[in-house]
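Read the structure below first, then the notes.
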Amino acid sequence: MGRTKKGDPVSGWVCLDKPYDMGSTDAVSKIRRLFNAQKAGHAGTLDPLASGILPIALGEATKTVPYLMEADKVYRFRIKWGQTTNTYDAEGAVTATSDVRPDEVAIVKVLPAYVGDIEQVPPAFSAIKVDGKRAYDLARDGIEVELEARTVRVFDLRLEAIISADEAEFILHCGKGTYVRSLARDICLDLGACGHVSFLRRERVGAFDLTNTKTLENLLEMVHRAASLEALLAVETALDDIPALPVTEDEAFRLKRGQALTLLPRQVEWLKSAFEIRHQAGRKEHLRTVQARHEGEVQALCELRAGQLWPTRILNP
């Protein structure tokens with residue numbers, strides 16, 4: 001006999017406004033308990049010292065997590081001048097100090113160098129694995145960690161406000177794998193100043209933005225009045241830039257049985273055009289992925305191969 005799954009078969013996304021000083025894993029656990037969900041996961045770690053959007057997948061939505069991981073993100077962050085820390089944020093130990101306080105003109109002048117495809121060295125205090133161990137675990141043990149530079153894409157970076165002589169606020173629109181702390185470190189080096197990230201808030205991940213967030217307090221209140229399901233966003237919310245192809249009920253049935261569909265030439269050409277748009281936007285993964293939808297609901301995630309649509313992930317809406 002198969003083992004009975006604990007919890008309810010709840011499916012959908014929760015766009016959590018993660019509070020400051022809470023880890024992403026802890027946030028997922030809390031949401032899973034609130035919804036008594038069988039499965040849960042998140043799309044992109046958000047540091048404990050950061051707040052903002054943490055998309056949490058429940059049930060069938062967990063199958064779409066890999067597609068949201070590569071989505072664009074928007075961050076609001078502040079650099080506090082005067083002290084550099086070993087983590088490049090307020091949590092770390094101070095490693096250097098400086099009296100340099102960059103003005104608006106100096107800050108604006110260096111920002112264009114960080115827009116486009118740039119090379120960035122991740123911070124030693126990060127979740128990247130080195131010889132099977134997390135870099136932050138090695139760094140905390142006093143082991144020197146040297147991470148290789150990687151190419152990341154920055155769509156926009158602008159100075160939002162001078163908060164005070166000691167602090168400036170920025171807005172960043174970036175692609176997958178961009179580290180705000182590394183960006184702040186490099187900006188400080190360019191300006192000849194010491195500094196660290198004093199505030200970090202994620203304001204958008206793909207189609208998830210501040211207009212559809214829920215705080216833990218919101219969710220608790222909804223659970224108490226038996227309205228928690230109203231907080232759930234559709235499974236396909238994570239797939240907003242994946243081309244969607246309508247299929248008939250019979251075609252959906254065949255896909256769910258693992259059978260491929262032969263497409264019309266015009267359907268193939270349309271999909272190829274959609275793939276090119278995603279490629280130009282900097283997408284490097286899932287470039288031939290297609291949503292097969294019936295009556296507005298995703299039935300399967302498929303891959304286009306030689307004019308045929310092959311199912312790779314079956315969803316049960």
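Residue numbers for the sequence shown follow UniProt numbering, beginning at 1 and rising by one.
In this text, a Cβ means the ideal position worked out from N, Cα and C, and glycines have one as well.
Where residue i sits in the DSSP three-state scheme
i, result
"CYS302", "strand"
"GLN267", "helix"
"LEU261", "strand"
"LEU157", "strand"
"GLU167", "strand"
"PRO55", "strand"
"ARG293", "strand"
"ARG78", "strand"
"HIS286", "coil"
"ASP117", "strand"
"THR62", "helix"
"GLN38", "coil"
"ASP26", "helix"
"GLU203", "strand"
"ARG185", "helix"
"SER198", "strand"
"VAL223", "helix"
"ASP89", "strand"
"ALA281", "coil"
"MET1", "Note that MET1 scores 47 on pLDDT, short of 50, meaning its location in the model is unreliable; the coordinates nonetheless yield the value given after this. MET1 falls in the coil class under three-state DSSP."
"CYS15", "strand"
"ARG150", "strand"
"ILE242", "coil"
"ARG313", "strand"
"ASP21", "coil"
"LEU232", "coil"
Option in the options with minimal Cα separation from residue i
i, options, result
"CYS194", "LYS63, ASP26, GLN83", "GLN83"
"THR64", "THR151, LEU301, VAL10, ILE79", "LEU301"
"GLU203", "PHE35, GLY12, PRO55, GLN280", "PRO55"
"ALA168", "LEU229, LYS214, LYS80", "LYS80"
"ARG257", "PHE208, VAL197, GLN267, LEU309", "LEU309"
"LEU264", "ALA106, LEU304, ALA252", "LEU304"
"residue 320", "THR213, SER273, ASP166, GLU269", "Examination of residue 320 is not possible in this model, given that the chain is present from 1 through 317 alone."
"ALA96", "ALA106, ALA274, THR85", "THR85"
"LEU111", "VAL94, ALA227, ALA40, GLU160", "GLU160"
"CYS174", "LEU287, PRO123, ALA281", "ALA281"
"GLU285", "PHE170, LEU68, ARG158", "LEU68"
"SER24", "PRO311, ASP47, THR211", "ASP47"
"LYS49", "THR215, ALA238, ARG181, ALA306", "According to the sequence provided, residue 49 is Leu. The question's Lys does not apply to it. When each option's Cα is compared against that of LEU49, the closest is ARG181."
"ALA227", "ASP21, LYS6, ARG201, PHE35", "PHE35"
"LYS176", "PHE155, LEU315, ALA37, PHE170", "PHE155"
"CYS15", "ALA306, ALA207, TRP270, ILE314", "ALA207"
"LEU58", "ALA124, SER98, PRO9, ARG313", "PRO9"
"HIS294", "LEU315, HIS279, ARG266, ASP190", "LEU315"
"ILE53", "MET22, VAL268, PRO66", "MET22"
"VAL105", "THR211, ILE162, GLU148", "ILE162"
"GLN267", "ALA231, PHE170, ALA306", "ALA306"
"VAL115", "ALA93, LEU200, LEU157, ALA37", "LEU157"
"THR237", "GLY7, GLY296, PRO123, PHE170", "GLY296"
"ASP99", "GLY7, CYS188, TRP270, ALA231", "CYS188"
Neighbour-count burial assignment, residue i, 16 or more Cβ in a 10 Å radius
i, result
"PRO246", "exposed"
"ASP17", "buried"
"ASP186", "buried"
"PHE253", "exposed"
"VAL298", "buried"
"VAL108", "exposed"
"GLN120", "buried"
"residue 362", "The structure shown does not extend to residue 362, since the chain is modelled only from 1 through 317, so no value can be given for it."
"GLY44", "buried"
"ARG225", "exposed"
"THR62", "buried"
"THR277", "A small correction: the amino acid at residue 277 is Ile; Thr does not occupy that position in the sequence shown. Answer is exposed; the Cβ neighbour count stays below 16."
"THR248", "exposed"
"GLY12", "buried"
"VAL290", "buried"
"SER51", "buried"
"ASP214", "Reading the sequence as shown, one finds Lys at residue 214 and not Asp. Buried, by the Cβ-count rule."
"THR178", "buried"
"THR151", "exposed"
"THR211", "exposed"
"LEU229", "exposed"
"LEU191", "buried"
"ALA149", "exposed"
"HIS279", "exposed"
For residue j and residue i, believed in contact at Cβ under 8 Å, the rounded distance
i, j, result
"LEU172", "VAL74", "7 Å"
"ALA71", "VAL205", "6 Å"
"PHE153", "ASP209", "The identity of residue 153 in the sequence shown is Arg, whereas the question assumes Phe. Actually they do not touch by this definition, with Cβ atoms about 19 Å apart."
"ALA197", "ARG283", "Note that residue 197 is Val in the sequence shown, not Ala. Not confirmed; about 27 Å, so no contact."
"LEU261", "PHE275", "In fact, because the Cβ distance is near 17 Å, the residues do not count as touching under 8 Å."
Residue i: CB within 7 Å of a non-hydrogen atom of the ligand ADP
i, result
"ARG101", "The ligand ADP is not among the ligands present in this structure, which contains no ligands whatsoever."
Quiz prompt | Three-pair Cβ contact test at 8 Å for the region 87–102 versus the region 239–251 | solution = Taking 8 Å as the limit for Cβ pairs, the verdict is that the region 239–251 does not touch the region 87–102.
Exercise. Could you tell me whether the region 218–225 touches the region 29–41, where touching means 3 or more Cβ pairs closer than 8 Å?
Key: The region 218–225 vs the region 29–41: in contact.
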